[in-house]
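Novice: Sharing a structure with you now.
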Amino acid sequence: MGLAGCGGIARQYHLRELSADPRVELVAVADPSTASRAALPTLPGVEVSKDVEDMIGSPGIDAVVVCASTPAHAEIAAGVAEGHQHLYLEKPIALDLDEARRIEALLDARDALTAVGFQYRFSPAFRDLKQQIGEGRIGAIRHVRAWHCEVADPGAMSGWKLARSSGGGVLIDIGSHEVDFASWLLGTEVDGVEDATLTSSRIEHDDARFVLRMSDGVRVEVVVSYVQGRKHRWEVEGSDGVLRAERWPPRVSRPRRPAPSGPTKLATRLRALPVPRREPSFGLALRQFARASQGEPHSLPTIADGRRSLEIVLEAERDALAR
Numbered sequence: 000m001g002l003a004g005c006g007g008i009a010r011q012y013h014l015r016e017l018s019a020d021p022r023v024e025l026v027a028v029a030d031p032s033t034a035s036r037a038a039l040p041t042l043p044g045v046e047v048s049k050d051v052e053d054m055i056g057s058p059g060i061d062a063v064v065v066c067a068s069t070p071a072h073a074e075i076a077a078g079v080a081e082g083h084q085h086l087y088l089e090k091p092i093a094l095d096l097d098e099a100r101r102i103e104a105l106l107d108a109r110d111a112l113t114a115v116g117f118q119y120r121f122s123p124a125f126r127d128l129k130q131q132i133g134e135g136r137i138g139a140i141r142h143v144r145a146w147h148c149e150v151a152d153p154g155a156m157s158g159w160k161l162a163r164s165s166g167g168g169v170l171i172d173i174g175s176h177e178v179d180f181a182s183w184l185l186g187t188e189v190d191g192v193e194d195a196t197l198t199s200s201r202i203e204h205d206d207a208r209f210v211l212r213m214s215d216g217v218r219v220e221v222v223v224s225y226v227q228g229r230k231h232r233w234e235v236e237g238s239d240g241v242l243r244a245e246r247w248p249p250r251v252s253r254p255r256r257p258a259p260s261g262p263t264k265l266a267t268r269l270r271a272l273p274v275p276r277r278e279p280s281f282g283l284a285l286r287q288f289a290r291a292s293q294g295e296p297h298s299l300p301t302i303a304d305g306r307r308s309l310e311i312v313l314e315a316e317r318d319a320l321a322r
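All residue numbers for the sequence shown refer to numbering that gives the first Met the number 0, where the first residue is 0 and numbers rise by one.
Below, the structure written as structure tokens:
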């Protein structure tokens, strides 16, 4: 495999997980950023370069994992689509819907595997939540609430993340995960968006709230934010009870609150440190991708899932900006 992009998240999760998988031989890493390449650990036998194009179509690379900056996703995917390499593409798959549809058509026209990085489908807690809902543990679903909030200091973020025009904003970054997750969790399609709001406190579009209207009439309230305390929770109300799942353990005795002055640079940078964490979903998704690349059955998110998520996120954005 080749890894396209070696920024903080890629070094924290993708690089570590691919290197640890006995099915995978990581042979190439590419990133145009000199600083990102310099931050890589020693990788014996791995070719490190600034040009992603070097790995696209290479006969020695069977699959490409794309964890580059968001503005580069579509261009890299289009390049891979010209050949037969398997592709694991981080979300969002593009910055606008026309581009997403073009990428989807190109990738669907070939036989190789394409998966999109909606890794939270693989979180053990969230998979357990889906199973219990499917078993009827809480009866008929009536209402759902979701929160996905990350700390982020503008001074420690990549420049492209600071403006929507260059691919930034919490809605397209984090909201795309939650839109996909709602459909996967409940087993129904998203019909549309209601009551969307966007605010800009420290960077453009760093807090968003919206309601997803599912095809069966269930409403899903979603909060995604860079300016709240760290939280990733799904709460599902049914006719016979309530189920709640959290990706990070709750700490009742020490509430997760943002600092009065906002997230610090240190807190933001700590998220990108290459140290082991209790976040298994990245590894579970990438290991399934490795198995699927070798022909085994899989339940990976598809390029159509990526396009549909972007479609709903852009609808929420339009709704919010029209207010």
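Glycine included, each C-beta is placed from N, C-alpha and C at the ideal position.
Is Trp247 helix, strand or coil by DSSP?
Specialist: Reduced to three states, the DSSP call for Trp247 is coil.
Novice: Output the boundary residues of the alpha helix (DSSP H) element that contains Thr33.
Specialist: Thr33 -> alpha helix (DSSP H) spans Thr33 to Ala37.
Novice: Among Ala207, Leu17, Thr196 and Gly7, which has the Cα closest to the Cα of Ala87?
Specialist: Contrary to the premise, residue 87 reads as Tyr rather than Ala in this sequence. Nearest option by C-alpha distance: Leu17.
Novice: So is the beta-carbon of Ala99 under 6 Å away from any non-hydrogen atom of the ligand SAM?
Specialist: Looking for the ligand SAM in the displayed structure turns up nothing, as the structure carries no ligands at all.
Novice: Starting from the Cα of Val241, find the closest Cα among Ile311, Arg141, Ala114 and Gly228 and give me that residue.
Specialist: The option with the nearest alpha carbon to Val241 is Arg141.
Novice: Are there three or more Cβ pairs, one per stretch, closer than 8 Å when the region 188-205 is compared with the region 166-180?
Specialist: The answer is yes - the region 166-180 touches the region 188-205, with three or more Cβ pairs under 8 Å.
Novice: Please report the straight-line C-alpha distance between Arg322 and Ala62, rounded to a whole angstrom.
Specialist: Rounded to whole angstroms, Arg322 to Ala62 spans 44 Å at the Cα level.
Novice: Taking one C-beta from the region 7-25 and one from the region 69-84 each time, how about it: are there three or more such pairs within less than 8 Å?
Specialist: No, they do not touch.
Novice: Using three-state DSSP, classify Arg144 as helix, strand or coil.
Specialist: Reduced to three states, the DSSP call for Arg144 is strand.
Novice: Which runs of the alpha helix (DSSP H) spanning at least 4 residues fall entirely within the region 65-152, listed in chain order?
Specialist: Segments of the alpha helix (DSSP H) lying fully in the region 65-152: 72-80, 96-107 and 123-133.
Novice: Please say whether Pro91 and Ser175 have beta carbons closer to each other than 7 Å?
Specialist: Yes, the Cβ-Cβ distance between Ser175 and Pro91 is below 7 Å.
Novice: Considering only residues of the same chain and omitting the five flanking positions on each side of Val210, which have a CB-CB separation below 6 Å?
Specialist: Hits under 6 Å: Glu193, Asp194, Arg218 and Glu220.
Novice: Grab me the residues of Ser308's own chain with a C-beta within less than 6 Å of its C-beta, minus the 5 sequence neighbours each way, in chain order.
Specialist: Same-chain partners within the cutoff: Ser175, Val178 and Asp179.
Novice: Spatial neighbours of Arg144 within its chain, please: CB distance less than 6 Å, with the 5 preceding and 5 following residues excluded, ordered by chain position.
Specialist: Here the set comprises Glu220 and Glu234.
Novice: Under 8 Å: do the region 282-290 and the region 111-121 share three or more Cβ pairs, one atom per stretch?
Specialist: Contact between the region 282-290 and the region 111-121 is present, because at least three Cβ pairs lie under 8 Å.
Novice: If you measure from the beta carbon of Gly56 to each beta carbon in chain D, is any gap under 7 Å?
Specialist: Protein chain content of the structure displayed is limited to a single chain, and chain D is not contained in it.
Novice: Nearest to Pro153 by CA position, among Tyr225, His147, Asp110 and Leu197, is which residue?
Specialist: Minimum Cα distance to Pro153 is reached at Tyr225.
Novice: What number of angstroms, rounded off, separates the C-alpha of Ala93 from the C-alpha of Ile8?
Specialist: Taking the straight line joining both Cα atoms gives about 19 Å.
Novice: Among Ser214, Asp304, Ala319 and Glu314, whose alpha-carbon lies nearest the alpha-carbon of Ile102?
Specialist: That would be Asp304, whose Cα lies nearest to the Cα of Ile102.
Novice: Please report how far the alpha carbon of Val64 lies from the alpha carbon of Gly1, in whole angstroms.
Specialist: When rounded, the distance between both Cα atoms is 6 Å.
Novice: For Val26, I'd like the list of residues in its chain whose CB is within less than 8 Å of its CB, leaving aside the five on either flank, ordered along the chain.
Specialist: Around Val26: Met0, Gly1, Gly44, Val45, Glu46, Gly59 and Ile60.
Novice: State the start and end residues of the unbroken beta strand (DSSP E) segment that holds Leu211.
Specialist: Run containing Leu211: Asp206 to Met213, per the beta strand (DSSP E) assignment.
Novice: Just to confirm, is the Cβ distance from His85 to Leu112 under 7 Å?
Specialist: Closer than 7 Å, so yes.
Novice: Assign Lys49 to buried or exposed, taking buried as 16 or more other Cβ atoms, counted over all protein chains shown, within 10 Å of its Cβ.
Specialist: Counting Cβ neighbours within 10 Å, Lys49 comes out exposed, since fewer than 16 surround it.
Novice: Near Ser182, what residues of its chain come up, given a Cβ to Cβ distance below 7 Å and the 5 sequence neighbours on each side ignored?
Specialist: Excluding positions up to five away in sequence, the list reads Glu188 and Val189.
Novice: Do Ser238 and Ala139 come within 7 Å of each other at the CB atom, strictly closer than that value?
Specialist: Their beta carbons are under 7 Å apart, which means Ala139 touches Ser238 by this criterion.
Novice: Just to confirm the assignment, what range does the alpha helix (DSSP H) spanning Gly305 have?
Specialist: Its alpha helix (DSSP H) spans residues Ile302 to Leu320.
Novice: Please name the residue in Ser32, Pro31, Gln11 and Asp318 whose C-alpha comes closest to that of Gly191.
Specialist: It is Asp318 whose Cα lies nearest to the Cα of Gly191.
Novice: According to DSSP, what are the bridge partners of Ser224?
Specialist: Partner(s): Cys148 and Asp206.
Novice: May I have the straight-line CA-CA distance separating Gly158 from Leu14, to the nearest angstrom?
Specialist: Approximately 22 Å between the Cα atoms of the pair.
Novice: Start and end of the beta strand (DSSP E) containing Arg232?
Specialist: Counting along the chain, the beta strand (DSSP E) containing Arg232 begins and ends at Lys230 to Gly237.
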